[in-house]
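Trainee: Sharing a structure below in structure tokens format, with a few things to ask.
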Amino acid sequence: LGRTRFRRPVLEDNVVNAKAGCLYPNNARMLAEARSKGFQNALVADAMGNVAESATANIFMVRDGEVSTPIANGTFLAGITRARHMTNLAAAGTPVQEKVLSFRDFEEADEVFMSGNMNKITPVTEFDGRNYQVGPVTRQVREMYWDWALSEKA
17 LGRTRFRRPV LEDNVVNAKA GCLYPNNARM LAEARSKGFQ NALVADAMGN
67 VAESATANIF MVRDGEVSTP IANGTFLAGI TRARHMTNLA AAGTPVQEKV
117 LSFRDFEEAD EVFMSGNMNK ITPVTEFDGR NYQVGPVTRQ VREMYWDWAL
167 SEKA
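Per the working numbering, the sequence shown starts with residue 17, numbered consecutively.
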């Protein structure tokens, strides 16, 4: 992941809490900028400068065993896969903290992963030169998701 100068709009300016908002051109600009810097995706700020998500998926971070994700503040679509990961983690005794997160928080994270309908869970191995390993929480989230998805409960 790399940073992008492009930000998520606010709900008053665009429909950002649904896929119907036609945000794809903005996402394309974010991805193009990230790729021009050698990254595959971009970590995106909301209008206030706090981390919202990646250009293509919701984002989670782990630090000292605590899992956090940006609070759904109306600047991004809080996806159903994101909600599933939060439910699975809570059931396993690891509640996810929804809170305001900065780029610095991600620089200091132990693990980072993206969550989306297409890839379900994607480990992040680099953010702006900071390298991560695919850690135990990310592996647990992946295992819990697929256990749920392949069960008769899904």
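Note that the Cβ used here is the ideal one computed from N, Cα and C, for glycine as well.
Small disclaimer: the values here were computed from a predicted structure and weren't measured.
With a CB to CB cut of under 6 Å and the five nearest residues on each side skipped, what residues in its chain are close to Val157?
Mentor: Numbered from 1 along the sequence shown, position 141 holds the residue referred to as residue 157. Excluding positions up to five away in sequence, the list reads His101 and Ile137.
Trainee: Assess, as a yes-or-no matter, whether the segment 64-80 is touched by the segment 112-129 under the definition of 3 or more beta carbon pairs within less than 8 Å.
Mentor: Taking 8 Å as the limit for Cβ pairs, the verdict is that the segment 64-80 does touch the segment 112-129.
Trainee: Given this structure, state the Cα-to-Cα distance separating Glu142 from Gly132, to the nearest angstrom.
Mentor: In the sequence shown, residue 142 corresponds to position 126, counting from 1. In the sequence shown, residue 132 corresponds to position 116, counting from 1. Those two C-alpha atoms are separated by around 18 Å.
Trainee: Tell me the DSSP bridge mates of Ser118?
Mentor: Here residue 118 refers to the residue found at position 102 of the sequence shown. Ser118 is not bridged to any residue.
Trainee: Determine the burial state of Met46: buried for a count of at least 16 other Cβ atoms within 10 Å of its Cβ, exposed for fewer.
Mentor: For the purposes of this step, residue 46 is identified with residue 30 of the sequence shown, where counting begins at 1. So Met46 ends up on the buried side.
Trainee: Counting C-beta neighbours from all protein chains within 10 Å, is the total for Asn135 16 or more, i.e. buried, or is it exposed?
Mentor: Along the sequence shown, one-based indexing puts residue 135 at 119. Under this definition Asn135 is an exposed residue.
Trainee: Between which two residues does the beta strand (DSSP E) containing Ala61 stretch?
Mentor: Against the sequence shown, residue 61 aligns to sequence position 45. Its beta strand (DSSP E) spans residues Ala58 to Ala61.
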